[in-house]
Amino acid sequence: MILTQGQQVAMKINHHQSHQTATVSKPNTVVSPSSQTDTEQSKPKHSQAVVMGFESILNDTFLSMYVQLELATSFNAGYDAVLKIGNARIYLLYDKIGFFSDTEHVSKNALHQHSQASVNDLIKRHLNIQQRLPNQRPPNHKDTQQSGQSPKTFFVGLSDLSVTFNEQDYQINHQFGSAYFQEQCVLDYDDAHRVLLVYGLKSFVQIIQILNTPDDLVAFFEYHRQALVNMTVYPNEMVLAQTFIHSPEFYQRAWQVENELISIGMLDKHDTRLVNAMQKGDEHITKQLIEKMMVCSNIWVKLVRQLTQRLYENTMTLDDKAKQMLSLLVQESLYTRMKLMEDVLDYANMPLEDRRQGYVLYQHSYSEFGRPYMLIVYAKDSNSLLTRQRINQDNMDLLIDLNSELQDPVMNDLFLLGFDMSQANEEGQVNVTMDVYHQPASKMSELERYLHRQLTELKQAQR
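Quick note: the sequence shown uses the UniProt record's numbering, first residue 1, plus one each step.
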């Protein structure tokens with residue numbers, strides 16, 4: 001893929017431093033929302049956007065990597081799908097209602113009636129399942145506790161409305177807002193962790209596109225749940241998602257990880273942009289930060305997609321190890337993707353000798369603490385120890401080195417990202433290929449660390 005040099009940033013880990021609203025759309029069409037009162041009507045209009053159904057969401061978005069078909073246990077009996085994203089489990093309910101109209105106009109009263117029926121059905125199904133299993137924990141709850149992470153569970157209901165007119169189906173893009181669940185379809189808040197989060201199907205797809213990553217989607221679920229429980233007022237779920245990405249809560253995970261990195265000496269200080277976002281400072285800086293995250297996220301997605309294609313071409317299938325590696329890469333938050341890609345985009349600013357001999361950088365996941373990244377930009381000089389061929393041979397030793405150095409505390413997962421920048425031109429544009437090597441971290445005894453150092457020194461002496 002082609003990258004263009006981005007803005008250089010300052011970081012020891014490489015210190016760069018209603019209620020209800022509705023619009024209607026036809027499959028392969030979309031309708032622009034219009035301002036309407038309760039007595040006004042919505043008219044389907046033709047356009048080019050693709051409308052996704054429930055199966056498409058599970059198969060054609062990043063959620064496809066996290067569907068847990070094997071979790072067919074008594075706990076999720078009755079739920080339509082289960083997702084496992086990191087230490088979070090998301091239990092999905094889906095409800096579809098279709099109705100006919102003899103005019104091209106659909107009244108909001110009709111939309112309200114059918115959407116309320118759909119939401120009521122979702123709530124009743126959820127409550128019935130919970131009443132049957134009041135004390136049962138989600139699958140793998142024990143595993144998440146053993147990993148040192150607090151397990152999270154979310155329940156999501158997706159309401160899919162469609163209207164048929166002149167033998168053509170139109171999907172309704174409907175949203176709800178806080179007042180809807182405070183006044184019309186009241187949710188049960190007795191157990192906050194079992195609250196059902198309800199979305200119109202089309203708006204849910206748009207929220208996925210806004211948040212862009214699995215980790216940020218999970219964080220939004222928590223933000224949405226707290227908004228409901230705390231009776232926070234918001235007009236609809238799309239606005240809530242936009243509010244979230246501009247809020248300090250969106251950056252809380254990165255802030256916590258940076259605190260831990262600073263405490264163990266892996267990072268000197270907080271990124272000034274993160275400080276600004278957490279303190280709700282200069283809005284222009286935060287806007288630039290969000291724009292940078294989106295640009296870098298798109299680059300990250302393309303690199304991971306190319307990696308996936310190469311893995312398929314080599315093996316014609318993906319084993320469990322490859323799937324686990326890819327799921328972790330895709331899961332990374334917008335902020336993490338930006339920090340990783342900024343280091344790559346800074347290539348044109350590196351000294352010429354560094355680009356010739358290759359260089360090593362260090363980063364970390366800002367989704368969760370315990371996932372360090374070693375970034376190696378491959379050497380152009382064939383005699384360097386950092387050529388692509390050498391790293392392909394030595395990647396296991398390098399990851400063991402990293403594991404040996406990071407023992408207090410022990411990490412969870414170790415990643416080595418290798419970047420082939422050999423096709424760079426003088427304008428700062430580079431044709432980038434990313435190699436990825438991954439292994440779980442582990443506790444090493446003092447004897448194991450000593451023997452590893454001796455072996456490393458012996459190998460270096462033989463070169």
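By construction, the Cβ of each residue, glycine as well, lies at the ideal position given by its N, Cα and C atoms.
query	result
Inside the stretch 297-364 only - alpha helix (DSSP H) runs reaching at least 4 residues	320-331, 334-345, 352-357
Whole-angstrom distance between MET65 and LYS321, CA atom to CA atom	13 Å
Option in GLN242, GLY98, PHE155, GLN130 with minimal Cα separation from PHE165	GLY98
Whether ASN298 touches THR286 by CB criterion (8 Å)	no
Classification of GLU283 by the beta-carbon crowding that lies within 10 angstroms, buried from 16 upward	exposed
As assigned by DSSP and simplified to three states, the class of VAL275	helix
Identity of the residues DSSP links to ASP420 by a beta bridge	THR433
Beta-carbon gap between ASN87 and PRO151 smaller than 8 Å	yes
First through last residue of the beta strand (DSSP E) which encompasses ILE376	372-377
DSSP three-state assignment for VAL195, whether helix, strand or coil	coil
Limits of the unbroken alpha helix (DSSP H) element including PHE100	Run containing PHE100: none in the alpha helix (DSSP H); it sits in the beta strand (DSSP E), 88-100.
Proximity winner among SER333, GLN331, ARG388, LEU329, relative to GLY358 (alpha-carbon distances)	ARG388
Continuous alpha helix (DSSP H) assignments of at least 4 residues falling wholly in the stretch 187-241	201-211, 214-229
Simplified DSSP assignment, three categories, for ALA441	coil
GLY281 burial status per 10 Å Cβ neighbour count (16 or more: buried)	exposed
Residues of its chain near PRO248, where Cβ-Cβ distance is below 7 Å and the 5 sequence neighbours each way are ignored	ALA277, MET278, LYS280
Per-residue burial, GLN423 [other beta carbons within 10 Å of its own, 16 or more giving buried]	exposed
Proximity winner among GLU55, CYS185, ASP169, relative to PHE176 (alpha-carbon distances)	CYS185
Bounding residues of the beta strand (DSSP E) (the contiguous stretch that carries VAL163)	152-165
C-alpha distance - SER159 paired with LEU385, whole-angstrom precision	56 Å
Opposing strand residues paired with GLN407 [DSSP bridges]	VAL410
Buried versus exposed, by CB contacts within 10 Å (16 or more), ILE90	buried
Nearest residue (CA-CA) to PRO372, options ARG273, GLU260, LEU447	GLU260
Beta-carbon gap between THR336 and SER382 smaller than 8 Å	no
C-alpha gap between GLU313 and LEU340, whole angstroms	26 Å
Interface flag, VAL205 vs chain D, CB-CB below 8 Å	Checking the listed chains, one finds no chain D in this structure; it contains a single protein chain.
Collapsed DSSP secondary structure at ASP80 in the structure displayed	coil
Backbone secondary structure at HIS246 - three-state DSSP	coil
Spatial neighbours of ASN109 in its chain, beta-carbon cut-off 6 Å, leaving aside the 5 residues before and after	none
Close beta carbons around HIS438, own chain, < 6 Å, minus the five adjacent residues each side	MET325, PHE415
Supposed contact pair VAL330 and VAL304 - C-beta distance, whole angstroms, cut 8 Å	6 Å
Boundaries (first-last residue) of the beta strand (DSSP E) holding TYR251	From DSSP, TYR251 is part of no beta strand (DSSP E); its letter is neither H nor E.
First through last residue of the alpha helix (DSSP H) which encompasses ILE172	Premise fails: ILE172 lies in the beta strand (DSSP E), 168-175, not in any alpha helix (DSSP H).
Rounded straight-line distance, which links the Cα of SER327 to that of THR243	27 Å
Three-state class that DSSP yields for PHE54 in the structure shown	helix
Rounded C-alpha distance that separates LEU161 from ASP188	24 Å
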